[in-house]
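Okay, so the sequence shown: first residue is 257 according to my numbering, each after it adds one.
Quick reminder that beta carbons are idealized off the backbone N, C-alpha and C, glycines included.
Please read the structure below before turning to the comments.
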Amino acid sequence: MTKIFATGVTGYLGGDAVYAILQAHPEYEISCLVRDKAKGALVSEAHPSLRIVYGSLDDGDLLEEEAANTDIVCNFAHATHEPSVQALARGLARRTRPGPGFLIHTMGSGTVIYDDVVKGRYGQGSDKVFNDLEGLAEVLSVPDFAKARGAENAVRQVGIQLPNQVKTAVVSTGSAYGLGRGILKYRPTAIHELVRATLERKRAIVVGEGKSAWTNVHVHDLSELYLKLVEHAAAGGEETGSGPAVWGGSEGFYFAEGGEHVWSELARSVSAEAAAQGFLTQVEEPESIEPTEASKIMPMGQFFWGCNARVEGRRARQALNWQPHHPSLKEELGSIIATEAKKLGLV
């Protein structure tokens, strides 16, 4: 029986991923880390078969023990919490169950914005597109300026040092959108925050010229990538040798990418759709704001709205036959606007 230990299941990404895994494989035994009884009750109500483990990412001994007694660890929680990743890796390294253990770790795409940040280049376009296959060495060589790199490197190092005991995969997600199927249906991603700011200010915004671009992914497509990784692990995690590697500290890195948007183009689309739904009286050109103002509107807004995170997710498509097929951001935009308007009390 495949055993899974998951963190972050009360969040947007983790909740949707666990839903997808349970729908496909109700026979899996899944335990999940939950911080308090109130959230535990919500999880149990939604998924009675889940085993609840009460604790936090700071409970290193607890995490290590849970990892030591499972087959697959899915870390959907705090991408920058390095001590918890190290505890999970230690646990997997000392497990006695048959076969290797697997660690699937989640992080964002922000590591590739390094060049824009150090050069203070906000709102400008870029032709640079990273990929996780032929271009992986370049991706992994980006300086460790982002907090998430510490946890990511900890995952990759255990995969390099203990390749027969712990097989690892890092999933770097684009800006997620779409209705989640877990407890948290939405989270304030940069896309949703742009919509919120537009509705509140009655005009869309861009950082500088708004020419920077960011990758995106429908949350259901992202969950299908996690599901494919989990299924591959449950089947033993064997590499075929005929295609890209699925696992490994040196190669098991995935950009979860379903599309791309230029922020100025998205801002104009938000304006048009918000006006069509009656939330704006007129469609104006987006207002250009300074990077510092963007970060007052949304935490780290200058980086999300102002920098380029252009990536291609080639490994998942070739190694796992992952094919994003859920509605594009353009197709989902009307629903996102309606949801944010409701949250703001506009309907």
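Supposed close pair residue i, residue j - CB separation, criterion 8 Å
i      : j      : result
Leu269 : Leu485 : Not quite, the Cβ-Cβ distance comes to about 14 Å (not below 8 Å), so this is no contact.
Leu455 : Ala530 : 6 Å
Ala460 : Ala523 : 4 Å
Leu481 : Val395 : The pair is not a contact, with the Cβ atoms about 17 Å apart (cut-off 8 Å).
Gly504 : Lys423 : 7 Å
Residue i, buried or exposed, once every other Cβ within 10 Å from all chains shown has been counted against 16
i      : result
Tyr310 : exposed
Gly514 : buried
Ala333 : buried
Asp400 : exposed
Ile286 : buried
Met554 : buried
Thr548 : exposed
Ala512 : buried
Val526 : buried
Thr367 : buried
Arg457 : exposed
Gly464 : buried
Ala532 : exposed
Asn420 : exposed
Pro304 : exposed
Met257 : exposed
Leu600 : exposed
Val374 : exposed
Glu507 : buried
Residue i to residue j span [Cα, whole Å]
i      : j      : result
Gly493 : Val502 : 8 Å
Gly296 : Val290 : 6 Å
Ala276 : Thr263 : 15 Å
Glu596 : Gly499 : 42 Å
Gly267 : Arg412 : 24 Å
Ile360 : Gly466 : 34 Å
His582 : Gln417 : 37 Å
Pro542 : Ala453 : 11 Å
Glu546 : Ser520 : 14 Å
Gly569 : Thr471 : 10 Å
Val414 : Ala491 : 21 Å
Arg350 : Arg377 : 46 Å
Gly434 : Glu495 : 32 Å
Phe386 : Lys293 : 42 Å
Glu200 : Ile593 : Lying before the first or after the last residue shown, residue 200 is absent from the chain, which here runs from 257 to 603.
Arg307 : Glu408 : 27 Å
Gly436 : Glu516 : 20 Å
Min CB distance residue i to chain D below 7 Å
i      : result
Ala297 : Annotation note: the requested chain D is absent from the structure, which comprises a single protein chain.
* **In chain order, each beta strand (DSSP E) run of at least 3 residues that lies wholly inside the stretch 435-476** => 461-463 and 469-474
* Asked: What beta strand (DSSP E) runs, 3 residues minimum, are completely inside the stretch 500-551?
  -> 509-512, 515-518 and 543-545
* **Contact between the stretch 440-452 and the stretch 551-570 (3+ Cβ pairs under 8 Å)** => yes
* contact_flag[the stretch 320-333, the stretch 469-477] where n(CB pairs < 8 Å) is 3 or more -> no
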